[in-house]
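Report on the structure given below.
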Amino acid sequence: MKKLITAGCVLTLCGLLALLGFYGYAYLSYVPLLGQDSRIRLYNNQGGLIYESTYQKNSEWINLEEVPQTMIDAVISIEDRRFYQHYGLDPIRIAKAVLVNAENGDIVEGGSTITQQLARNLFLTLDQTWSRKFQEAVYAAKLEMHFSKDQILETYLNTIYYGHGVYGIQKAAAFFFGKELDDCTLGEMAMLAGIPNGPSLFSPFISMDNARSRQAVVLQAMVDNEKLSQREADSAKAQPVLLADFSTQKIMGSSGYYKDAVLAQLKEMGFLDQETLEKGLNVYTYLDPEMQTILQDAVDDHIPDTDQQIAGLILEPFTFNVLAMVGGRDYTTSQYNRALYSTRQVGSTIKPLLYYIALQQGLSPSSTFLSTATQFQISQSVFYAPTNYRNVYPEKEISMINAIGVSDNIYAVKTHLFLGMDLLADGLAAFGIESEEATAAMALGATHFPLIDLAKIYNTFASEGLMDEPSMIRLVTDNAGNILYQRQENPKQLLHRDETLMLSQLLRAPFDIKNLQVMTPSLLGYEPYTTTAAKSGSSDWDSLIAGYNPQMTVVLWSGYDENEKLETNEERRVPKQIWKQIFNTVYPQDSPGPWYTLSPQLEERRVDPISGQPNPAGSLYWFRHTDP
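Taken in order, the sequence shown gives residues 1 to 628; the numbers are from full-length UniProt numbering.
What follows is the structure, encoded as structure tokens:
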């Protein structure tokens with residue numbers, strides 16, 4: 001018994017010493033700034049502000065004494081009932097969270113106090129890691145020792161995020177309900193208090209049912225905390241909630257995916273450490289607000305009201321600046337960026353790279369192969385029998401022009417095997433795309449990589465063979481004007497210019513009605529007013545299009561997150577419709593865009609696109625002087 005008492009005393013003493021050491025370290029180490037200048041500002045390519053990490057642009061600061069007591073009671077009851085009793089950390093909440101997380105083997109429940117949440121919002125990232133939780137605790141202790149509870153609560157209320165780019169309780173009241181905070185009803189205040197726990201889930205603009213459910217939880221918490229009677233809570237739940245007149249599309253700025261991508265790149269570059277953040281970050285991006293609006297409007301006009309997703313990128317040729325980005329159908333419901341992170345099958349959009357290699361290896365636009373149902377013997381025991389769309393075959397020799405125009409699979413596989421399968425795999429590797437083992441099916445796009453990589457390939461075609469890494473960030477400075485990063489454009493001539501120019505003219509073939517025979521040109525009916533090069537692609541689960549002119553590259557993907565099949569033509573044509581609208585908006589009918597000029601080594605010939613033979617009534621394609 002004596003030993004147990006001694007052990008208990010020792011453990012208690014050790015715990016006290018550890019606690020004193022923790023708070024001593026927190027007190028003596030760096031003191032954070034409260035209500036400091038905005039840590040991160042992102043600007044578009046016109047100098048317009050698109051994001052701030054704190055309240056200054058998208059919040060209206062309100063002093064604590066101006067906040068209705070009911071609002072304070074609602075926030076404290078749902079977020080941190082013992083806020084005025086603890087010292088930044090709540091042992092009871094921590095103990096509960098530790099037990100739950102230990103049972104799950106991961107961080108699934110937080111024990112964060114209001115002070116910890118403020119520390120995270122001001123000084124840390126949102127990573128769910130043990131090291132971040134420890135840092136959060138240290139900063140919370142710092143705040144508690146250097147600032148009063150009222151100062152902490154005031155800053156919290158003015159910097160908490162409500163979704164839709166809105167920070168702060170005062171701005172949120174105006175945003176959701178169109179009124180001043182002190183004019184809000186009890187029910188509206190309870191709804192506001194519930195939103196920050198999950199803005200994309202509990203925003204009444206997104207789901208009033210979810211917002212109402214969360215409101216009920218807040219009201220019950222206020223009853224349990226003896227701030228309301230049950231009758232008052234029930235009455236508040238019955239009160240009508242009238243939202244301000246904003247549609248989901250109006251309230252959600254279309255640059256959310258771009259903003260997240262820039263922040264992720266800043267993290268990779270090492271700019272999100274505490275020391276750098278406290279000097280302020282001013283990040284000048286390549287986001288073009290006009291292009292972003294055009295892309296988003298086209299998506300909104302054509303994406304069906306289902307679960308079908310979309311991703312799109314607009315790049316500038318020769319500079320490789322990323323001008324616009326959409327990573328999904330609705331940023332408010334899913335922040336996952338399918339343009340950057342979703343690895344999908346690229347289908348026939350891979351074929352132009354194959355045909356560039358064929359041109360570089362000496363084939364010409366008039367080179368022919370027999371297109372008929374074919375089973376290829378790859379090795380002694382491996383056979384491959386690709387099919388054309390709807391099992392339709394010309395049953396004759398066709399040219400490379402026609403093969404591109406109608407997306408003939410037999411011609412593509414024959415070209416791939418004729419060249420040697422490793423050449424296409426090597427071509428992808430030159431773009432930094434490590435594909436699977438070279439196979440015959442690779443010629444038809446049976447390989448997977450993100451849309452941003454496909455955009456890099458097509459933007460290289462658009463840049464006459466010059467290749468660089470797509471970039472979103474031009475310049476980063478601190479608040480004192482010191483340059484922390486400045487992008488240096490460093491394009492290299494990855495592809496031969498002449499063959500790339502020939503390929504660009506060949507990619508006019510999918511629009512060319514003279515390619516019509518037993519198979520229809522793959523983009524017939526989707527040609528914009530201006531001259532463009534393009535190729536579509538598809539699998540059972542994916543629909544893509546990639547195309548360009550000398551000023552703009554646009555790539556789009558559509559499909560379902562859970563790999564549901566695209567069953568209808570309406571589903572499959574969505575990227576094409578969006579792509580055409582984008583080009584027609586940028587280059588209307590009375591404003592033709594630019595096109596490439598022949599190099600001295602090339603000449604223009606009028607040929608029958610199906611046979612590839614000279615024909616005065618044929619279509620114009622580009623050849624080397626030496627081509628037969």
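Ideal Cβ placement from N, Cα and C applies to all residues, glycine included. Please read all numbers here as calculations on a predicted model, not as lab measurements.
Beta carbon of residue i nearer than 9 Å to that of residue j
i              : j              : result
tyrosine 384   : leucine 495    : no
tryptophan 579 : tyrosine 526   : yes
glycine 187    : alanine 238    : yes
serine 366     : glycine 612    : yes
proline 317    : methionine 552 : yes
serine 364     : proline 628    : yes
leucine 64     : glutamate 144  : no
residue 632    : alanine 429    : In the structure displayed, the chain extends from 1 to 628; residue 632 sits before or after that span and is not available.
aspartate 498  : serine 342     : no
glutamine 335  : glycine 256    : yes
Sequence-distant residues of the same chain with beta carbon closer than 7 Å to residue i, five excluded per side
i             : result
glutamine 220 : Ala233
aspartate 512 : Gly405, Pro521, Pro609 and Ser619
alanine 403   : Tyr411 and Ala412
tyrosine 621  : Pro365, Ile401, Gln505, Leu506, Arg605 and Val607
Residue i versus residue j: straight-line alpha-carbon distance, rounded
i                 : j                 : result
asparagine 282    : glycine 47        : 11 Å
phenylalanine 369 : serine 619        : 20 Å
glutamine 69      : methionine 189    : 10 Å
asparagine 584    : phenylalanine 461 : 21 Å
glutamine 350     : glutamate 437     : In the sequence as displayed, the identity of residue 350 is isoleucine instead of glutamine. Near 15 Å, if we compare the C-alpha coordinates of glutamate 437 and isoleucine 350.
glutamate 136     : glycine 88        : 10 Å
threonine 387     : glutamate 268     : 43 Å
phenylalanine 175 : valine 166        : 8 Å
alanine 412       : glutamine 265     : 37 Å
valine 10         : arginine 212      : With a pLDDT of 49 at valine 10, under the threshold of 50, the modelled position of this residue cannot be trusted; read the value that follows with caution. Distance between the alpha carbons of valine 10 and arginine 212 is about 50 Å.
glycine 168       : methionine 222    : 21 Å
glutamine 56      : glycine 270       : With a pLDDT of only 44 at glutamine 56, under 50, the local geometry of the prediction cannot be trusted, and the value read off the model is given with reservation. Going by the C-alpha atoms only, they are around 24 Å apart.
glutamine 128     : serine 558        : Below a pLDDT of 50, predicted positions are generally treated as unreliable, and glutamine 128, at 49, falls in that range; no measurement from the model is reported.
lysine 414        : proline 352       : 14 Å
asparagine 197    : tyrosine 587      : 44 Å
glycine 280       : glutamate 60      : 20 Å
alanine 74        : proline 199       : 17 Å
leucine 243       : isoleucine 160    : 20 Å
threonine 626     : methionine 325    : 42 Å
leucine 507       : valine 382        : 32 Å
serine 203        : alanine 311       : 24 Å
threonine 477     : glutamine 577     : 40 Å
phenylalanine 177 : serine 235        : 19 Å
glutamine 486     : isoleucine 473    : 8 Å
methionine 208    : leucine 556       : 32 Å
aspartate 542     : serine 379        : 30 Å
glutamine 292     : glycine 547       : 17 Å
leucine 475       : leucine 272       : 15 Å
leucine 277       : tyrosine 139      : 15 Å
8 Å CB neighbourhood of residue i in its chain, flanking five on each side removed
i                 : result
tyrosine 43       : Leu49, Ile50, Asn282, Val283, Tyr284 and Thr285
serine 538        : Gly347, Ser348, Leu544, Leu566 and Arg572
phenylalanine 431 : Asp453, Lys456, Ile457, Thr460, Met467 and Leu494
serine 435        : Ala425, Leu428, Ala429, Met442, Thr447 and Phe449
Neighbourhood of residue i by C-beta, 6 Å cutoff - its chain only, sequence neighbours within 5 removed
i              : result
isoleucine 519 : The question names isoleucine, yet the displayed sequence has methionine at residue 519. The answer, listed in chain order, is Val392 and Val406.
aspartate 80   : Thr113 and Ile114
alanine 172    : Tyr162, Val166 and Leu192
leucine 28     : Bear in mind that a pLDDT of 48 at leucine 28, under 50, signals an unreliable position, so the number given afterwards is only what the model happens to contain. There are no such residues.
alanine 480    : none
serine 371     : Tyr393, Pro394, Ile398, Asp408, Ile410 and Tyr411
Nearest-angstrom Cβ-Cβ length linking residue i and residue j, presumed shorter than 8 Å
i              : j              : result
glycine 347    : glycine 445    : 4 Å
glutamine 117  : tyrosine 84    : So it is not a contact: roughly 16 Å between Cβ atoms.
valine 574     : isoleucine 314 : That pair is no contact at about 17 Å.
leucine 323    : aspartate 288  : 4 Å
glycine 593    : threonine 500  : With 8 Å as the limit, glycine 593 and threonine 500 do not qualify as a contact, their Cβ atoms being about 18 Å apart.
glutamine 601  : alanine 298    : Contact doesn't hold; Cβ gap of about 38 Å is too wide.
asparagine 321 : serine 77      : The pair is not a contact, with the Cβ atoms about 49 Å apart (cut-off 8 Å).
alanine 339    : leucine 451    : 5 Å
Residue i - partner residues in DSSP beta bridges
i                 : result
phenylalanine 376 : Tyr384
arginine 338      : According to DSSP, arginine 338 bridges with nothing at all.
glutamine 309     : Gly559
histidine 448     : Gln345
lysine 396        : Ser371
threonine 477     : Asn282 and Ile483
threonine 553     : Leu315 and Tyr548
glutamine 493     : Leu466
aspartate 542     : Gly559
isoleucine 40     : Leu281
beta-carbon residue i near the ligand HEM non-hydrogen atom, thresh 8 Å
i           : result
alanine 412 : As presented, the structure is devoid of all ligands, the ligand HEM included, so that no description of it is given.
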